Amino acid sequence: MLDTLCPVTVFWTMDTVTGSKFKRDFQRMYTARKLLGDLLVANKMITADQLEAALALQRKQFQPLGQILIQQGFIPEERLLQICALQKGVSPWHLQSTPPTPDALKRVPANTCRSYCLLPVQVKDNQLLVLAMRDTNDVDAVDMVRNITKMRIEPVLATEERLLQAIDTAHGTRSLAMGDVSKLVTQAMGEFATAKDAPKTKEGMIQEAEARPVVNLVNQMLTDAVHAHASDIHVEPRKDRLEIRYRIDGQLQQVHELPSSLQPGIIARLKIMASLDIVEYRVPQDGRIGLEMDRRTVDMRVSVLPNYYGQRIVLRILDKSIALRTLPDLGFSEHNRLLFEDMIRKPHGVVLVTGPTGSGKTTTLYAAINALKQKSNNIMTCEDPVEYDLDGINQSQVNEKVGLTFAAQLSAILRQDPDIVLVGEIRDSETAETAIRAALTGHLVLSTLHCNDAPSAIPRLTDMGIEPYLLSTALVGTTAQRLVRILCTHCKEQYAPTPDERALIASYSESDDIPLLFRPTGCVKCSQTGYHGRIGIHEVFPTPHEVQRVIAEHHSVELTREVAAQYGYRPMQMSAIERVLSGHTSLNEVRRVVYLETPTLRTTKPMLLKTA
Numbered sequence: 042m043l044d045t046l047c048p049v050t051v052f053w054t055m056d057t058v059t060g061s062k063f064k065r066d067f068q069r070m071y072t073a074r075k076l077l078g079d080l081l082v083a084n085k086m087i088t089a090d091q092l093e094a095a096l097a098l099q100r101k102q103f104q105p106l107g108q109i110l111i112q113q114g115f116i117p118e119e120r121l122l123q124i125c126a127l128q129k130g131v132s133p134w135h136l137q138s139t140p141p142t143p144d145a146l147k148r149v150p151a152n153t154c155r156s157y158c159l160l161p162v163q164v165k166d167n168q169l170l171v172l173a174m175r176d177t178n179d180v181d182a183v184d185m186v187r188n189i190t191k192m193r194i195e196p197v198l199a200t201e202e203r204l205l206q207a208i209d210t211a212h213g214t215r216s217l218a219m220g221d222v223s224k225l226v227t228q229a230m231g232e233f234a235t236a237k238d239a240p241k242t243k244e245g246m247i248q249e250a251e252a253r254p255v256v257n258l259v260n261q262m263l264t265d266a267v268h269a270h271a272s273d274i275h276v277e278p279r280k281d282r283l284e285i286r287y288r289i290d291g292q293l294q295q296v297h298e299l300p301s302s303l304q305p306g307i308i309a310r311l312k313i314m315a316s317l318d319i320v321e322y323r324v325p326q327d328g329r330i331g332l333e334m335d336r337r338t339v340d341m342r343v344s345v346l347p348n349y350y351g352q353r354i355v356l357r358i359l360d361k362s363i364a365l366r367t368l369p370d371l372g373f374s375e376h377n378r379l380l381f382e383d384m385i386r387k388p389h390g391v392v393l394v395t396g397p398t399g400s401g402k403t404t405t406l407y408a409a410i411n412a413l414k415q416k417s418n419n420i421m422t423c424e425d426p427v428e429y430d431l432d433g434i435n436q437s438q439v440n441e442k443v444g445l446t447f448a449a450q451l452s453a454i455l456r457q458d459p460d461i462v463l464v465g466e467i468r469d470s471e472t473a474e475t476a477i478r479a480a481l482t483g484h485l486v487l488s489t490l491h492c493n494d495a496p497s498a499i500p501r502l503t504d505m506g507i508e509p510y511l512l513s514t515a516l517v518g519t520t521a522q523r524l525v526r527i528l529c530t531h532c533k534e535q536y537a538p539t540p541d542e543r544a545l546i547a548s549y550s551e552s553d554d555i556p557l558l559f560r561p562t563g564c565v566k567c568s569q570t571g572y573h574g575r576i577g578i579h580e581v582f583p584t585p586h587e588v589q590r591v592i593a594e595h596h597s598v599e600l601t602r603e604v605a606a607q608y609g610y611r612p613m614q615m616s617a618i619e620r621v622l623s624g625h626t627s628l629n630e631v632r633r634v635v636y637l638e639t640p641t642l643r644t645t646k647p648m649l650l651k652t653a
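For the sequence shown, position 502 (counting from the first letter as 1) is numbered 543 according to the numbering used here, and the numbering increases by one without interruption.
This is the structure we're talking about:
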């Protein structure tokens, strides 16, 4: 929704000024200087109490005021758009009732629409283009469209949600248009055509990296990735080219193939943005890039690794404008969610979230911390890096360059009278020992661990030197998770499963009734992938007294699983099959993420541990 919390002093005027026109513009200027909430109260569209309630929610949720007012039902979307347009001195445009015309849509490339969150909606007399915008005061966007179309521009105001929906409808969801990048590549090639054989001094590399064509090209690549909801950007030098790939919904997609002559400038530009040494190419480097994009903050973690054909760069994207998820939003089944909530409600002990990189472990930890947050609790974190700023939580960041490791920071945190401690990751034996010691002295410790499944956390920790009898006492439980892609709702199709698929599903399902399944087909809405978005699959491993006894006696992982199954543990494969049966994902997608053992090859289950 529109972020109209700041006074607006710029407004658009017509070519001629009459007495009534001057009076109307003066009223618009006066209106634009007022804050949105005050304006709504003054016009009796909301009450002062409703404004106070919305502002209180805004301080907690960090959402635009207008969006909160609509969500709470205080004002209809149409009325809010009208008052926002009056505030800015422009006309409102209701995309749901007046969609853009085909003649207007073809005037502006998809990439420009996505980059500036705008959409051409109407052409008047083949000379004036009506441009629906989220921010009508974005002069750069207006100038860009004017230069592209060679037409006069009339900005009108539209809501951000409606604009994004209309852009997806017009150009396809997450479409990665290449037109603008191709132009920027041509400009950059022309810039360096005469200097490609010049020696690469540090000053020359900086000059090349800060050349306007290279800056524009890198900015466009980063903007495209954020708008495509990519989680990572891979910049990979090859023998005769530079490949750019985005990881979208967990899958790498090649989006650009650039000439190798642009490689030095692009690599140097990214390293300058990340405050790295541009002349050091022999050792790995790590840095961060902070961007303000579309009125939101985007952080990128940068990793540089020397490769055979040059320096390979991977950027991990963290969009801080994305709201934190709650536990019900994480994709837990009802059974697993109740088990997990029971674990994190324990007053002391260690709770671990396991899985590979990019499986959403940190998101789960943040959701757990958000659920536990109270005024009576002192919650402290040590992270690398701090990914979200949580109100009411005391967060600190690891700095290994000055010796502030996870273990050192955790030791310091324990002297700060914490109730709950979040450790970003248990990487070594020192951190593991400190976390166990904190749990044994009455603290609840939440952390992540890299291992294949939830029960495997036990041998992983014992390999770090944790004694089984200590681990059995401190460990409250573990959970493992993966992310599977969600089938596109616009193009998924039903089909009757084969006998082998039925047997496979029946071996992991508690029901023998196997309905029709869904599979992807691909459409413009999902960029022909058949999937859009991801959802979690989980397994939750509790450690009640009987499981603790198995851990303390150092029995096998297989036997530990069998005992935990009596207390609610279900393997991740069951959660995955539930997602297949519910139509959220396909069987092939589940097979890509987790191993489903063929029933005929399944081994005999180990015997349960006999209790006294």
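C-beta: ideal position from N, C-alpha, C; glycine also.
The model shown is predicted, which means the values in this text are computed figures rather than measured ones.
Under DSSP, Thr519 takes part in a beta bridge, and its partners are Leu393, Phe582. Where Phe447 is concerned, the enclosing alpha helix (DSSP H) starts and stops at 447-454.
Secondary structure note for Ile289: its beta strand (DSSP E) is the uninterrupted segment 282-289. Going by C-alpha positions, Tyr572 is about 23 Å away from Leu356. Within the same chain, Cβ atoms closer than 6 Å to the Cβ of Tyr608 are found at Pro583, Pro585, the five residues on either side in sequence being excluded. With fewer than 16 other Cβ atoms from the protein chains shown falling within 10 Å of its own Cβ, Tyr636 counts as exposed. Contact annotation: Gln163 and Ala182 have beta-carbon atoms that are not nearer than 8 Å. In this structure, Arg175 sits near Glu201, with a CB-CB distance shorter than 8 Å. CA-to-CA, the gap between Thr519 and Thr153 works out to about 46 Å.
Using a C-beta cut-off of 8 Å, the region 471-488 makes contact with the region 378-397, since at least three inter-stretch Cβ pairs fall below that distance.
Taken atom to atom, the span from the alpha-carbon of Ser138 to that of Arg203 is near 11 Å. Nearest C-alpha to Thr190 among Leu198, Leu205, Asn629, Val171: Val171. Residue state for Tyr572 is assigned as strand, using DSSP reduced to three classes. Per DSSP, the unbroken alpha helix (DSSP H) holding Tyr549 starts and ends at 540-549. His297: member of the beta strand (DSSP E) spanning 292-300, first to last residue. At the C-beta level, Val517 and Val634 stay beyond 8 Å of one another. Between Pro426 and Gln436, the gap from beta carbon to beta carbon reaches 8 Å or more.
Annotation for Ser616: Ser374, Asn377, Ile578, His579, Glu580 place their beta carbon closer than 7 Å to its own, counting only its chain and skipping 5 residues before and after. In this structure, Pro305 is the residue among Pro305, Leu528, Gly291 with its C-alpha nearest to the C-alpha of Arg282. Cβ contact annotation for Ser400 (same chain, cutoff 7 Å, sequence separation greater than five): Gln522, Arg523, Leu524, in chain order.
For Met421, the pairing in a beta bridge is given by DSSP as Asn435, Val462. Closest in alpha carbon position to Ser597, among Arg501, Arg632, Thr562, is Arg501. Lys165: member of the beta strand (DSSP E) spanning 159-165, first to last residue. Counting along the chain, Glu534 sits inside the beta strand (DSSP E) bounded by residues 534-536.
Taking a cut-off of 8 Å for Cβ pairs, the region 76-83 and the region 106-126 touch, as three or more such pairs fall below it.
Scanning Asp360, Gln415, Arg468, Met262 for the CA closest to the CA of Cys492 turns up Arg468. DSSP places Gln128 in the helix class (H, G or I) of the three-state scheme. The Cβ atoms of Met421 and Ile454 sit closer than 8 Å to each other. DSSP places Phe115 in no alpha helix (DSSP H); its state is neither H nor E. Here DSSP, grouped into helix, strand and coil, assigns Glu594 to coil. Uninterrupted alpha helix (DSSP H) stretches at least 4 residues long and entirely within the region 587-631 occur at 598-606, 613-622, given in chain order.
When C-alpha distances from Ser272 are compared across Asp166, Val255, Gly291, His531, the shortest belongs to Gly291. In this structure the region 409-421 lies against the region 456-475, because at least three pairs of beta carbons, one per stretch, are closer than 8 Å.
Taking 3 residues as the minimum length, the beta strand (DSSP E) runs contained wholly in the region 465-524 are 485-490, in order along the chain. CA-CA distance, Ile87 to Arg366, rounds to 29 Å.
By DSSP's assignment, His275 forms a beta bridge with Arg286, Val355.
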